[in-house]
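In what follows, a single structure is set out as structure tokens and then discussed.
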Amino acid sequence: MYSFEDEQNRVATTPWAAIPQEKWNDWHWQIANRITSVDELSQVIHLTEGEKEIISKSLNKLRMAITPYYASLMDPDDPRCPIRLRAVPSLPETVISEEDLFDPLHEDVDSPVPGITHRYPDRLLFLVTDQCSMYCRHCTRRRYAGELDQPRKQEEIDAAIDYIHRTPSVRDVLLSGGDAFTLSTDRLEAIIARIHEIPHVEIVRYGTATPIVLPQRIDDELIQMLKKYQPVWINLHYNHPKELTERSRQSLAKLADAGFVLGNQTVLMRGLNDCAYIIKELCQRLIENRVRPYRLYQCDLSQGIAHFRTSISKGIEIIEHLSGHTTGFAVPEFMVDLPGGGGKTPVHPRYMIGQSDRQVIFRNYEGVIAKYIEPEDTSSLGCPDNCTICDDRQERGLDQPKVGLEKLYAGEAISLEPRDLPRRKRKQ
37 MYSFEDEQNR
47 VATTPWAAIP
57 QEKWNDWHWQ
67 IANRITSVDE
77 LSQVIHLTEG
87 EKEIISKSLN
97 KLRMAITPYY
107 ASLMDPDDPR
117 CPIRLRAVPS
127 LPETVISEED
137 LFDPLHEDVD
147 SPVPGITHRY
157 PDRLLFLVTD
167 QCSMYCRHCT
177 RRRYAGELDQ
187 PRKQEEIDAA
197 IDYIHRTPSV
207 RDVLLSGGDA
217 FTLSTDRLEA
227 IIARIHEIPH
237 VEIVRYGTAT
247 PIVLPQRIDD
257 ELIQMLKKYQ
267 PVWINLHYNH
277 PKELTERSRQ
287 SLAKLADAGF
297 VLGNQTVLMR
307 GLNDCAYIIK
317 ELCQRLIENR
327 VRPYRLYQCD
337 LSQGIAHFRT
347 SISKGIEIIE
357 HLSGHTTGFA
367 VPEFMVDLPG
377 GGGKTPVHPR
387 YMIGQSDRQV
397 IFRNYEGVIA
407 KYIEPEDTSS
417 LGCPDNCTIC
427 DDRQERGLDQ
437 PKVGLEKLYA
447 GEAISLEPRD
457 LPRRKRKQ
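So the sequence shown is residues 37 to 464, counted in the numbering used here.
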């Protein structure tokens, strides 16, 4: 593990060698002194003239901003260093593949007001800033992230919160960006407090990479503010075990000790972490630090990141190596966020290999094949007479209208058809 002593030794070889510890430990200083140019970067890692030229060209696609802390983790001599791969631009970013999309997840299409993406019935995404403490080179939101490198305008924040007020089906709000934790604590609280006043909002979640790239941000002021607005659910973004330094672990301990629920979303990337043993080590170190490995994501079809994409079969292979071979809750769910707004869709290895009237045949992680016998009577007993859960949820505006397969199960439809079904057009 990368210790505080290792950090100090590495910093001593960088331009920040003379920086006092109180500045190094100040998250404001870290953001203000991010590496944003090739010349600054070349003082931290060794670059050839050709590499400098490549990085300069790549900066036209997504700005570079690397915190001094995260830069101190980079191997100055290894271009394949996983820290460098996440942080440093490369020539493949300038290549737009045929399948690449500007907004692959249709976040802008599913946006009723600026800053809000409302795709799922009971939850929405609220982008409160386009600023990140560091711009990851695999960013799916690269059309937006770092465009202004600042918080969203107040009038847009107001309009977004008004939309949440007017939409009673929303019970879950995810604050992201950019990175919500790059806002000042006061400014972040001003948003959180208003959302918590909305009666139908049950939880506010936060997406942040600050414990990974800017652990100094997890200070006592932030912790005490967030504790006022429980429950607090935080999704992190560790991609490699090397990121779990002593300083980063310390920030996780602060969050966990405060009673916050921590999860992690890893992006599967070719050449960085597309190895079952790297992912297993990462997941096991996460649960050691009270972080649930939540999801492993296939790299999206965003422009300029085709070089990071693996095959989907690689993700399935990794899950095969984890399931049964480590603690169950150390196994993330492998997900593909489908283009065109299809949403997050799980992809599993095939453990059910056969089925008859009452018998279901499974295989386990060892290759053992076994059958499960279902009960003779599997008919539904129906709803208890005194159950009011459905009525109560309908009154709150939840679960309406029904979508997808839910319509079939509820008896509201006998089939689902594509909007432009060719044979329907023949009747026109």
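We put the CB at the ideal spot given by N, CA and C, even for glycine.
None of the values given here were measured: they were computed from a predicted structure.
Enumerate in chain order the residues of its own chain whose CB-to-CB distance from residue i is below 6 Å, with the five nearest sequence positions on each side excluded.
i, result
"L121", "L308"
"T281", "Y38"
"G360", "Y401"
"L374", "T381"
"P118", "H276, K278, L308"
"E183", "D166"
"P112", "I81, H82"
"P267", "I239"
"Y274", "I248, N300"
"A195", "V149"
"E143", "T153"
With a threshold of 7 Å on Cβ separation, who are the neighbours of residue i within its own chain once the five nearest residues in sequence on each side are excluded?
i, result
"P204", "H236, R432, G433"
"S287", "P247, P251, I254"
Name the DSSP beta bridge partners of residue i, please?
i, result
"N271", "G243, G299"
"A406", "F398"
"V209", "L160, V240"
"K380", "D373"
"G390", "I397"
"S468", "Any property of residue 468 remains undetermined from this structure, which presents the chain solely from 37 to 464."
"I102", "I71"
"L332", "T302, F370"
"T153", "L161"
With DSSP run on the structure shown, which of helix, strand or coil describes residue i?
i, result
"P187", "strand"
"P385", "coil"
"F138", "coil"
"Q57", "helix"
"I71", "strand"
"P235", "coil"
"Q79", "coil"
"T218", "helix"
"Q436", "coil"
"Q44", "helix"
"A198", "The identity of residue 198 in the sequence shown is Asp, whereas the question assumes Ala. In the structure shown, D198 sits in a helix (DSSP, three-state: H, G or I)."
"T281", "coil"
"I10", "This structure cannot settle anything about residue 10, because the visible part of the chain is limited to 37 through 464."
"E85", "helix"
"Y445", "helix"
"W63", "helix"
"H174", "coil"
"A181", "coil"
"V327", "coil"
"D144", "coil"
"A226", "helix"
"I132", "coil"
"K97", "coil"
"C426", "helix"
Give me, in chain order, the residues of the same chain whose beta-carbon lies closer than 8 Å to that of residue i; leave out the 5 immediate sequence neighbours on both sides.
i, result
"K407", "Q395, V396, I397, F398"
"L291", "P247, I254, I259, I270, L298"
"L137", "L337, S338, Q339, P375"
"P148", "H154, Y199"
"R116", "G307"
"K263", "A294, G295"
"R460", "E453"
"E135", "L337, A342"
Just checking residue i against the ligand GDP - is the residue's beta carbon closer than 7 Å to any of the ligand's heavy atoms?
i, result
"C117", "The ligand GDP is not part of the structure shown, which contains no ligands of any sort."
Using 8 Å as the Cβ pair cut-off and three pairs as the minimum, do the segment 205-215 and the segment 157-168 touch? yes
Flag this pair as touching only if the segment 167-187 and the segment 336-354 have three or more C-beta atom pairs under 8 Å; answer yes or no. In this structure the segment 167-187 lies against the segment 336-354, because at least three pairs of beta carbons, one per stretch, are closer than 8 Å.
For the segment 186-205 and the segment 223-242, state whether three or more C-beta atom pairs, one from each stretch, are separated by less than 8 Å. yes
Would you check if the segment 95-102 and the segment 63-73 touch, i.e. whether three or more CB-CB distances between them fall below 8 Å? yes
I'd like to know if the segment 111-131 and the segment 88-96 are in contact, where contact means that at least 3 CB-CB pairs between them fall below 8 Å. Touching, per the Cβ criterion.
Please determine if the segment 320-336 and the segment 40-50 are in contact, where contact requires at least 3 C-beta pairs separated by less than 8 Å. no
Is there contact here, the segment 314-329 with the segment 361-369, by at least three beta-carbon pairs under 8 Å? yes
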